[in-house]
Structure formats: structure tokens, C-alpha cells
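One structure below.
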Amino acid sequence: DKHAGFYVAVALPCLVGLALSTVLAAAASLTKPARATVAVECAYQNPGIATVVALSMFDGDKASRAVGVPLYYGFIEAVFIGLYLVGMWKAGWLLAPPDASVHSVLLWNWQEKGRE
């Protein structure tokens with residue numbers, strides 16, 4: 001029952017946060033892995049806290065409508081940050097090599113490998 005503007009307005013901070021923080025981290029001459037880290041840290045917000053706040057501020061139907069914002073944002077950030085990280089990995093911006101298997105990327109500690 002929400003208008004398209006709702007979905008755009010809730011998703012936009014995540015997208016802008018990823019893009020803008022990546023650009024600003026590059027302007028600060030951070031390494032590519034550090035740029036990706038800064039971007040994720042800037043775009044990630046805890047939807048659990050926002051859900052609790054929404055439920056405590058509103059009653060009844062208003063509470064159920066308000067809780068939709070953090071739930072949708074949590075879904076959006078999981079998708080966008082996940083896609084962003086896969087893109088950065090394949091572009092060679094992360095410590096894991098782009099040709100590594102998904103299995104090894106998820107299970108290996110690439111931070112130690114990056115220090116060598």
C-alpha cells in the first residue's frame with residue numbers, strides 16, 4: 001500500500017552512502033580495501049534498533065506502518081551491500097583475490113594474507 005516514492009526514499013540513503021563514502025575514501029587516499037570498508041561502515045545501519053524505536057514511538061496501525069521502514073531498509077542494505085562487496089571483490093579492491101572461489105573468500109582469513 002506504499003507509493004513508489006517510499007521505496008526510493010528508503011533505499012536512497014544506502015546507495016548514496018556507499019557511493020559517496022567510496023569517493024570520499026578515495027579522495028583521502030585510502031587503499032582500495034580500506035575504501036570498501038569505509039563504504040560498508042557508512043552505509044550499514046542497524047535495523048533492529050530502528051525497529052524497536054518505531055514500535056516504542058507508535059501504537060497500533062501506526063506502529064505496524066512505521067516498522068516497515070527499518071524492515072525494508074534492512075533488506076535493501078543486505079542486497080546493496082552484498083552486491084557492492086561482490087563487485088569490489090571481483091574488481092580486485094578487496095584483500096581476497098578476484099579469482100578465488102566463493103568458498104575460500106568466505107572461509108579464509110584474507111586479512112593476514114593482505115599483510116604479507
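In the working numbering, the protein residues as written are 1 to 116. Beta carbons: idealized from backbone N, C-alpha and C, even for Gly.
Original post:
What is the rounded straight-line gap between the Cα of P48 and the Cα of S56?
Top reply: It should be pointed out that residue 48 corresponds to Gly in this sequence rather than to Pro. The alpha-carbon of G48 is positioned some 12 Å away from that of S56.
**OP:** Kindly indicate which residue of V16, K32, L15 has the alpha-carbon position closest to the one of K90.
**Re:** K32
**OP:** Under 8 Å Cβ to Cβ from Y7, same chain only, skipping five residues before and after it: list those, please.
**Re:** Y72
**OP:** Would you mind stating whether A43 and L18 have Cβ atoms separated by less than 7 Å?
**Re:** yes
**OP:** Consult DSSP for F75 and reduce its assignment to one of helix, strand or coil.
**Re:** helix
**OP:** Kindly indicate which three-state DSSP category H103 falls into: helix, strand or coil?
**Re:** helix
Original post:
Rounded to a whole number of angstroms, what is the C-alpha to C-alpha distance between A26 and I81?
Top reply: 18 Å
Original post:
By DSSP, does S64 sit in helix, in strand, or in coil?
Top reply: helix
Original post:
Thinking C-beta only, is A36 closer than 7 Å to M88?
Top reply: yes
Original post:
How about S21 and V38: are their beta carbons less than 7 Å apart?
Top reply: Cβ atoms of S21 and V38: closer than 7 Å.
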